[in-house]
Structures are given as C-alpha cells and as structure tokens.
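Those protein sequence lines, which keep their order, are chains A and B. Okay, so the first sequence: first residue is 1 according to the UniProt record's numbering, each after it adds one. Okay, so the second sequence: first residue is 1 according to the UniProt record's numbering, each after it adds one. All C-beta atoms in this analysis are idealised placements derived from N, C-alpha and C, irrespective of residue type, glycine included. Bear in mind that the values here come from a model prediction, so they are computed numbers and not experimental data. Presented below is the structure to which this report refers.
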Amino acid sequence: MDCTGFPLRAERGGAAKGMAIVIDLRAAGYSYGGSAGALSGIDLSLPAGSFHFLTGPSGAGKTTLLKLCYGELKPSEGQVALFGKDSRMLSRDGLALVRQRIGVVHQDCRFLDHLTLAENLALPLLVAGRDPARETESLSQLMSWVGLSHRATAYPPALSGGERQRAALARAVIMDPDVIIADEPTGNVDWEMSQRLLTLLGELNRLGKTVLLATHDLALIRAAKPLVQARVLRLADGRVQAAGTEL
Amino acid sequence: MTRLRPLLDALRQRLADLAELALGDRASDRVVPPTGHTVWLTVLSAAAMAFLAVFALALTQATGRLADAWAEDLAQSMTIRLAAPAAEADAQQAAVLAILAETPGVASARALTPAEQAALLEPWLGPDLPLDRLPLPRLIDLVGGEDLDVEGLRLRLAGEVPGAVLDDHTDWRAPLVAAADRLRMLGWLALVLIAGVMGAVVSLAAQAALAANAEVIRVLRLIGARDFYVARAFTRRVTLRALAGAAGGTVLGMIAVTLLPSEPATGGFLTYLGFSGAGWLAPILVPLFAGLAAFLATRRAALRALARFE
Ligand SMILES: Nc1ncnc2c1ncn2[C@@H]1O[C@H](COP(=O)(O)OP(=O)(O)O)[C@@H](O)[C@H]1O
Ligand SMILES: [Mg+2]
Numbered sequence: 001m002d003c004t005g006f007p008l009r010a011e012r013g014g015a016a017k018g019m020a021i022v023i024d025l026r027a028a029g030y031s032y033g034g035s036a037g038a039l040s041g042i043d044l045s046l047p048a049g050s051f052h053f054l055t056g057p058s059g060a061g062k063t064t065l066l067k068l069c070y071g072e073l074k075p076s077e078g079q080v081a082l083f084g085k086d087s088r089m090l091s092r093d094g095l096a097l098v099r100q101r102i103g104v105v106h107q108d109c110r111f112l113d114h115l116t117l118a119e120n121l122a123l124p125l126l127v128a129g130r131d132p133a134r135e136t137e138s139l140s141q142l143m144s145w146v147g148l149s150h151r152a153t154a155y156p157p158a159l160s161g162g163e164r165q166r167a168a169l170a171r172a173v174i175m176d177p178d179v180i181i182a183d184e185p186t187g188n189v190d191w192e193m194s195q196r197l198l199t200l201l202g203e204l205n206r207l208g209k210t211v212l213l214a215t216h217d218l219a220l221i222r223a224a225k226p227l228v229q230a231r232v233l234r235l236a237d238g239r240v241q242a243a244g245t246e247l
Numbered sequence: 001m002t003r004l005r006p007l008l009d010a011l012r013q014r015l016a017d018l019a020e021l022a023l024g025d026r027a028s029d030r031v032v033p034p035t036g037h038t039v040w041l042t043v044l045s046a047a048a049m050a051f052l053a054v055f056a057l058a059l060t061q062a063t064g065r066l067a068d069a070w071a072e073d074l075a076q077s078m079t080i081r082l083a084a085p086a087a088e089a090d091a092q093q094a095a096v097l098a099i100l101a102e103t104p105g106v107a108s109a110r111a112l113t114p115a116e117q118a119a120l121l122e123p124w125l126g127p128d129l130p131l132d133r134l135p136l137p138r139l140i141d142l143v144g145g146e147d148l149d150v151e152g153l154r155l156r157l158a159g160e161v162p163g164a165v166l167d168d169h170t171d172w173r174a175p176l177v178a179a180a181d182r183l184r185m186l187g188w189l190a191l192v193l194i195a196g197v198m199g200a201v202v203s204l205a206a207q208a209a210l211a212a213n214a215e216v217i218r219v220l221r222l223i224g225a226r227d228f229y230v231a232r233a234f235t236r237r238v239t240l241r242a243l244a245g246a247a248g249g250t251v252l253g254m255i256a257v258t259l260l261p262s263e264p265a266t267g268g269f270l271t272y273l274g275f276s277g278a279g280w281l282a283p284i285l286v287p288l289f290a291g292l293a294a295f296l297a298t299r300r301a302a303l304r305a306l307a308r309f310e
C-alpha cells in the first residue's frame, strides 16, 4: 500500500479553533414516531480538537445521534447546535454550508455508483462550487494517503469493503473539514484495516480536527488507546453516559 | 441606498445562478446519471408539441390575415341596387351615376350591362332565361376609396333616388370576420393547451427522473450540496433536452407549413395558412418557450423532491 502523510495541511485560521465547542447537544432527543423514543435527554458537547468514541449495543441509537450531529435529522426535543447555530434554525443552504465543514463517513458509505472513485472523492469540491480540475494534486495525494491511488478509475461497486471505507474517509476529509464523524467505519473490514483507519483518524485528530466515531466494537476502542487520546461515550437506554478514558 | 444593497446582492446572485445554469459544466452534468426512457419522453414530447404549436401559430396568423383581407377587399367594393319601373330605370340609373360622379371618394362606378347580369344569374337560373322580361333591379358596381362617406352617400341616395339601395356587404362580411376571429381564438386555445400538456409531460418526466435518483439527491445533500446545485443538475439536463426536442419539432413544423399547397386554385383558406414577413419570427419563440416551460416545471419538481431530504 502506498501511504503518505495527510496532504491537506493548509493551516486555516480555523473557525473551529477559536470556538470551544463545535457540536453541542442540549437535552436533545429524537423519536422516529414509534412508541418509544429512540433518544432523549442527550447532553453532549464536542470541544474543538477532541476525539470521542460513541459506543453502545446495536440499535442503541448511535447512528441516530450522529445524524443529529450533522443535521440529517433535526431533534424532536431539546437543541442541537452546530458551530454555534441551532440546527433547527438553519436554512437549507445554511445546513449545506455546515455540512461542508463536517466530513461524514456513513455506515453504508454512500457513493454514486455511476461515478468513478476519483469523481466520487471530488464530489464535495464540485458541489461546493470549487473546480476539482484545479485540485487534482491534493486529490491524488489524498488517494495515496488512503492507499487507493491504483483504484482511481474504479467504480464503487467494484471496491472491497476496506477500500470503500478508506474511500469514504477520503471523501469525508477532501474539504478539509473541522469535524469528522464516522459511523462504524470499521464495520466491514478486517482487524488490520481497522487499525489502519484508526491511525488515519488519529492523524487527522492531531491536525486539530474534531473526531466523533461510533462503533459497537469495544476491542477497537481498546486498541486505539496508544494511538489517540479519546474519551468514550456509552449510549444505552437512549441516554449518553460518559465512560471516561477507560472502559 | 443601504436598503437596496441586499436586494441588489440577491439579484446578482440570481443572475449568476442563471448564467451558471445556462453555461453549466460537464463535470456537474455527470453528477446525475443518465436515465434512459425519460430522455426520450422529454425530447419526443417537446418535439411533437413544438410541431403542433407551429401549426397553431400558423392558424392564428392565417386567420388574422384572412379577416383583414376580407375586411379590406369587401370594404372597397360596394353595390347599388336600383329597383325602378322599367320606364324610369334608365333615368334613375343616370341620376345615381351622376350622384356618384360628384361624390368624393368614389374611385369608380359602373352599371352592369344586361349581358353581365345574365352571366351572374346563369349559374342559378340557367342559360335560356328571358331576362329582359324579368323585373330585375339594375346593379351598379362601385369601388370606394378610404375617404368615401358611406353613410352620407346612403342618405343622399335615399333622398334623391329612393329606389336605389347601397349595399356595402356588411351583412355577409360580419359573420365571415366573426368566423375568422373565432378560428384565431381556437388557435390561441390550442397554443395554451399545447403549452399545458408540454409542461405536464416535462413535469412527469422530471418527477420520474427525480424519483429514480432519490439516492443521488440524498448523497449530494449529505456532502453539502445546496438545493440550487441539485436542482440545477436536473433542470439543466431536462431544459436542454426540451430545447433540443422543441427545436427539432419547430423546424419540421415550419417545413411542413412551407410545403402546404399554396396555389390559389386550392381555395381561400389554405392559401393563407403559413407565415409571412415578421410572422416567421414567431415559430422561433416556440423552442425558447418550451425551454422556459421545461425549466420552470423541472425546477418546481426538483425543489419539491428536495424538500423530502434534509
Ligand atoms: N429510519 C428509521 N425509522 C424508524 N426507526 C428507526 C430508523 N432508523 C433507526 N430506527 C430505530 O431507532 C433505533 C436506533 O437505531 P440506530 O440509531 O440505527 O442504532 P445504532 O446505530 O446504535 O445501531 C433502533 O431501534 C432502530 O430500529
Ligand atoms: Mg448504526
């Protein structure tokens, strides 16, 4: 695997740097409309530059909580503030701009299957009105960072699970976001690959990016201990309990 | 001035958005996958509707010209019917011609000869009729200019030659002009219907394309695309297709209109069905209008579809 350091080191003044809390949930809750609420009374503050694991059994609401954190869902109770702005007060364009600052690795990756891997990675630039043709350098560096240079012209359905996850991470960081949210990024990959993904996320965190990583895999969290300084949040019965730095 | 600033900024943004929509870029076009059958639905329906619209336009223009022509020709030519006892007929006819001779605005006046009258009646009454024994009115053909005072002439004739009746053909011209006007209304109605069907079909095609690409829309929104960007990806494509289809249909329609039989022998109305002069510019508006309709219909459909995704 051809690996290099994370390429997008352009140090920006960083709105996130001056801001203590980038994502802030106050008594937030979400219900899918069924009988029992999926989440309720969630208090969660992510300081800029922090690394958090979100853990809990399958069905605990990890994905739901992450969706609140990047505005795919709006809280049905309480408040969610993204970069200091109430997500329910954001206009649709405002939400789009917030998302350009939050890179998301979705549980199911979500690529456009009719575009090549390189085109998929460039997509966030394109929709933000930037010209990917002018940023081929950083694009190819990014692909080499996740070890996918040789797969640039492949279509997503042809990628392996590990390749998809690394590609999803590359797409999540192409905009040099302040926050990276990853939902079970190691779900479909072997142990070695999950270590590699953790290393990449740790590298991003050391560059000052806020990371929120959901996983039900406690072994992964234990393995991360030497790599990153992370706090662990446990989601159970629809509520968040801080589990501190140890499990 | 300060209050104008945001307005101007919004306007500038709108204009920039429109320019971007028109120019676009190939990379953005690739964002939405091509969807087979809706392409042809849009192109073919736009072509068919444009083809029909060209005919409807030709109809409205033709009826307009026809009504004008009838109004003009017939206003100029009038007839005076003179019913008088045989003994006085010649004297009264002379009196009428004398009046006409001194009436301003009468371009020409001429009494029909008995032979001409016979020729007029022959189709109805047969060739062997002893016309000289029938108490036929004398007929005087007159052609009036613009400055002819028809009512004044009518009054003077009534006063001086009571047997003379001036017929300016209003009675049978009115229904013809009314019929032409009604045809023109039908032409406009057809244009409105065509526009409506076109909008509906494009709307349906756009909705089908949007529904087929729900996942694409979701992904684009999640990676930070503004609604405008997503809507543009769809509207641009559908608009260009409608524009192309309508352009093709318009060209075919104009060729068809040009190829219509045009010899006068084929009869009044067909002779007029076509475009003349500045009228040729009207069909050029058809593709532009189709493009605009497609743009508005798709944008509406796209923004509605987008509302379902956060
Ligand atoms: N779109 C949905 N509609 C209805 N219920 C849902 C939906 N998504 C998730 N849920 C329910 O909400 C709960 C939390 O789901 P989720 O957030 O996906 O948990 P996790 O990611 O921890 O496995 C589960 O009970 C799940 O069945
Ligand atoms: Mg989940």
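- Under the three-state reduction of DSSP output, Asp-24 (chain A) falls in the strand class.
- Under the three-pair Cβ rule at 8 Å, the region 101 to 113 of chain A counts as touching the region 180 to 189 of chain A.
- No Cβ of chain A is located within less than 9 Å of the beta carbon of Ala-305 (chain B).
- With a cut-off of 8 Å, the C-beta of Tyr-155 (chain A) is classified as distant from ligand 1, since no heavy atom of the ligand falls inside that distance.
- Fewer than three Cβ pairs drawn from the region 77 to 89 of chain A and the region 213 to 223 of chain B lie within less than 8 Å of each other, which leaves the two stretches out of contact.
- Under the rule that a run must span 3 or more residues, the beta strand (DSSP E) segments found entirely inside the region 89 to 169 of chain A read 102 to 105.
- In the pairwise beta carbon analysis, the region 165 to 181 of chain A is classified as touching the region 111 to 120 of chain A: at least three pairs are separated by under 8 Å.
- For Phe-234 (chain B), no Cβ of chain A is located within less than 9 Å of the residue's own Cβ.
- Using a Cβ-Cβ cut-off of 9 Å, Tyr-155 (chain A) does not count as an interface residue toward chain B, since no Cβ of chain B sits closer than that to its own.
- In this structure, the straight-line span from the alpha carbon of Ser-276 (chain B) to that of Phe-309 (chain B) is close to 51 Å.
- Taking 4 residues as the shortest admissible run, the region 117 to 182 of chain B contains the following complete alpha helix (DSSP H) segments, listed from N- to C-terminal end: 150 to 160.
- Contacts with chain B (Cβ-Cβ distance below 8 Å) from the region 84 to 97 of chain A involve Arg-92, Asp-93, Leu-95, Ala-96 and Leu-97, listed in chain order.
- Under DSSP, the beta-bridge partners assigned to Thr-79 (chain B) are B:Asp-141 and B:Asp-167.
- Per DSSP, the unbroken alpha helix (DSSP H) holding Arg-236 (chain B) starts and ends at 227 to 259.
- Residue side-chain check: Thr-63 (chain A) places its Cβ nearer than 8 Å to a non-hydrogen atom of ligand 2.
- Between Val-43 (chain B) and Leu-243 (chain B), the alpha-carbon positions lie close to 8 Å from each other.
- Three or more pairs of CB atoms, one per stretch, sit closer than 8 Å, so the region 199 to 212 of chain A contacts the region 45 to 52 of chain A.
- Taking the beta carbon of Leu-73 (chain A) as reference, the chain B residues within 9 Å of it are Glu-310, listed in sequence order.
- Residue pairing from DSSP places Ala-109 (chain B) in a beta bridge opposite B:Leu-142.
- A heavy atom of ligand 2 is found nearer than 8 Å to the CB of Ser-58 (chain A).
- Scanning chain A for C-beta atoms nearer than 9 Å to the C-beta of Val-216 (chain B) yields Leu-112 and His-114, reported in chain order.
- Bridge partners of Gln-79 (chain A) according to DSSP: A:Arg-26.
- For Asp-227 (chain B), the residues of chain A that pass the 8 Å Cβ criterion are Arg-92, Asp-93 and Ala-96, in the order they occur in the chain.
- Assigned with DSSP and collapsed to three states, Arg-12 (chain B) falls in helix.
- Chain order gives the chain B residues near Arg-99 (chain A) as Arg-221, Leu-222, Ile-223, Gly-224 and Ala-225, where near means a beta carbon separation below 9 Å.
- Spanning the alpha carbons of Leu-121 (chain B) and Ala-174 (chain B) requires a straight line of approximately 24 Å.
- Looking at the backbone, the Cα of Ala-195 (chain B) and that of Asn-120 (chain A) are separated by about 39 Å.
- Judged by the Cβ position, Ala-10 (chain B) fails to qualify as a neighbour of ligand 1 at the 8 Å threshold, every heavy atom of the ligand being at least this far.
- The three-state secondary structure of Asp-190 (chain A), taken from DSSP, is coil.
- Distance from the Cα of Ala-67 (chain B) is smallest, within the candidate group B:Val-286, B:Met-185, B:Val-230 and B:Ala-282, for B:Met-185.
- If you draw a straight line from the Cα of Leu-142 (chain B) to the Cα of Ala-246 (chain B), it comes to about 50 Å.
- By the criterion of a C-beta distance shorter than 6 Å, Pro-177 (chain A) is surrounded in its chain by Arg-101, Ile-102 and Gly-103, once the five residues flanking it on both sides are discounted.
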